[in-house]
Structures are given as structure tokens and as C-alpha cells.
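Visitor: Heads up: the sequence shown begins at 1 in full-length UniProt numbering, then just goes up one per residue.
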Amino acid sequence: MKRRKFLQASLIAAPLAANVPISVPDERKNKAFKVSAGEGRYHGHIQIKGLNRNSLDLKVSGKDTAGDLAIYQSTLMSPKSGPPLHIHFYQDEIFYVLEGEYLFQVGEEKYELKPGDTIFLPRNVPHTWVQLHDTGKMLVVLQPAGKMEEFFLKVASLDHEATPGEMAKIIEAHDQKVVGPPLKVD
Numbered sequence: 001m002k003r004r005k006f007l008q009a010s011l012i013a014a015p016l017a018a019n020v021p022i023s024v025p026d027e028r029k030n031k032a033f034k035v036s037a038g039e040g041r042y043h044g045h046i047q048i049k050g051l052n053r054n055s056l057d058l059k060v061s062g063k064d065t066a067g068d069l070a071i072y073q074s075t076l077m078s079p080k081s082g083p084p085l086h087i088h089f090y091q092d093e094i095f096y097v098l099e100g101e102y103l104f105q106v107g108e109e110k111y112e113l114k115p116g117d118t119i120f121l122p123r124n125v126p127h128t129w130v131q132l133h134d135t136g137k138m139l140v141v142l143q144p145a146g147k148m149e150e151f152f153l154k155v156a157s158l159d160h161e162a163t164p165g166e167m168a169k170i171i172e173a174h175d176q177k178v179v180g181p182p183l184k185v186d
């Protein structure tokens, strides 16, 4: 009999619970903003050191979205170069190519991207890319924002080219892991 009453109560309560909004504190600024072309939201141009000669303009910060996402414009000036094969434990990434051409590796699959192409990189899947032309630009979306803003600022603050071991430690401190070498092209 007790089981029957429990089931009846559950069936009655389920529709009511579905209509109750869940209150989650949201620290969004709730104010629109514009970031002009060639500018970054909080940090100006973030000049990457130790990995390559690229710069990032933060367009939407995790601070703006309560950590839900971050958006960067990446200006790439390191032909035939890219990051080591790595994993993001907590973030999905989306790359939209604005200029140039790239070769991406996601898991075991390889994809060539040209202007207008988009690629989705799921969290916990090893990935890397290499820039095929002298210059290029991509829009990069990280969801959630995670520790990537801090990672890029840390790498930009280096006064030397980091050793692979040093870079691996920085990467791991920001919820990522190096799992292989950079992608090579002829």
C-alpha cells in the first residue's frame, strides 16, 4: 500500500515540479556592449608568447556571460604552426575561419577549413590545428568560458619561449592536457 501512495504522490507532483523555475544566481551585467574591430574587450590585443606569434582580441568574456562562454578573434601569424595535440576537459570549442586556411585534427579525423567554414571540437576529444597560409583569422567560441582567458593572459605574460615541459604545466593548470605533438604539414 505504501508503494502505491508513493507512486500516486510522485505522479501528482511531477507536473507541478516541472513548472517551478529553478533559481540560479546569474552575475551577468545585463547590459549590451560593442567591441569594435581590431579591439579587445578587457585586455586589448593579447600577444601570445611561447607558443607562436599570434594575437587574440577578447570579444566576449566569461565575465560578461557568468562563465557561459567566451569569444575571441584570433589573428594568426605563424605559418605551418599550431598548438600541440591537446584536450579541454570542460569546454567545447567552435572555430569559424575568417581568413586563411587551416588543417584541423579532431580525434583521428582531419579537416581542411577555408574562409566561411566552421568546425566544432567537443570537450575531451584530442585536437589540434595548423595554419596553412602566412596569415589568417578565426573566430573562436569557448563554451563554457572556463579558464581560457587566464590561460591566454598567462602565456602572453611570458618573457621567453616556454619549453614544452613548462608549457605543459601551464596548460594543465588551466584544465587542459597535452596528449601529443603539434600537427605537421609539408
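We put the beta carbon where it would ideally sit given N, CA and C, even for glycine. Owing to the predicted nature of the structure, the values given are computational and were not obtained by experimental measurement.
1) Check whether the stretch 118-132 touches the stretch 87-94, taking contact to mean three or more Cβ pairs, one atom from each stretch, closer than 8 angstroms.
2) Mind checking residue 128: buried by the 16 CB within 10 Å criterion, or exposed?
3) For residue 171, which of helix, strand or coil comes out of DSSP?
4) Where residue 157 and residue 170 are concerned, what is the direct C-alpha to C-alpha distance, given to the nearest angstrom?
5) Within the same chain, show all residues whose beta-carbon is closer than 7 angstroms to that of residue 142, passing over the 5 residues directly before and after it, in chain order.
6) Could you have a look at residue 179 and say whether DSSP puts it in helix, strand or coil?
7) Contact criterion: CB-CB distance below 9 angstroms. Does residue 85 meet it with respect to chain D?
8) State the start and end residues of the unbroken alpha helix (DSSP H) segment that holds residue 156.
9) Return helix, strand or coil for residue 166, following the three-state DSSP convention.
10) Between the alpha carbons of residue 136 and residue 75, how many angstroms are there, rounded?
11) Where DSSP assigns a beta bridge to residue 84, which residues make up the other side?
12) Rounded C-beta distance between residue 103 and residue 112? I'm assuming under 8 angstroms.
Guide: Walking through what the data contain:
1) yes
2) Locating residue 128 in the sequence shown gives position 128, counting from the first residue. Under this definition residue 128 is a buried residue.
3) Here the question's residue 171 lines up with position 171 in the sequence shown. In the structure shown, residue 171 sits in a helix (DSSP, three-state: H, G or I).
4) The residue labelled residue 157 in the question sits at position 157 within the sequence shown. The residue labelled residue 170 in the question sits at position 170 within the sequence shown. Those two C-alpha atoms are separated by around 12 angstroms.
5) Numbered from 1 along the sequence shown, position 142 holds the residue referred to as residue 142. So the qualifying residues of the chain are 69, 70, 91, 93 and 148.
6) One-based indexing of the sequence shown puts residue 179 at position 179. If DSSP states are grouped into helix, strand and coil, residue 179 belongs with the strands.
7) Chain labels in this structure do not include chain D; a single protein chain is all it has.
8) Counting from one through the sequence shown, the residue named residue 156 turns up at place 156. Run containing residue 156: 148-156, per the alpha helix (DSSP H) assignment.
9) Taking the sequence shown and counting its residues from 1, one reaches residue 166 at position 166. If DSSP states are grouped into helix, strand and coil, residue 166 belongs with the helices.
10) As a working mapping, residue 136 is identified with position 136 in the sequence shown. As a working mapping, residue 75 is identified with position 75 in the sequence shown. Distance between the alpha carbons of residue 136 and residue 75 is about 6 angstroms.
11) For this step, residue 84 is matched to residue 84 along the sequence shown. Residue 84 is bridged to 182.
12) Sequence index remark: in the sequence shown, residue 103 carries index 103 (1-based). Sequence index remark: in the sequence shown, residue 112 carries index 112 (1-based). Here residue 103 really is in contact with residue 112; their C-beta atoms are around 6 angstroms apart, less than 8 angstroms.
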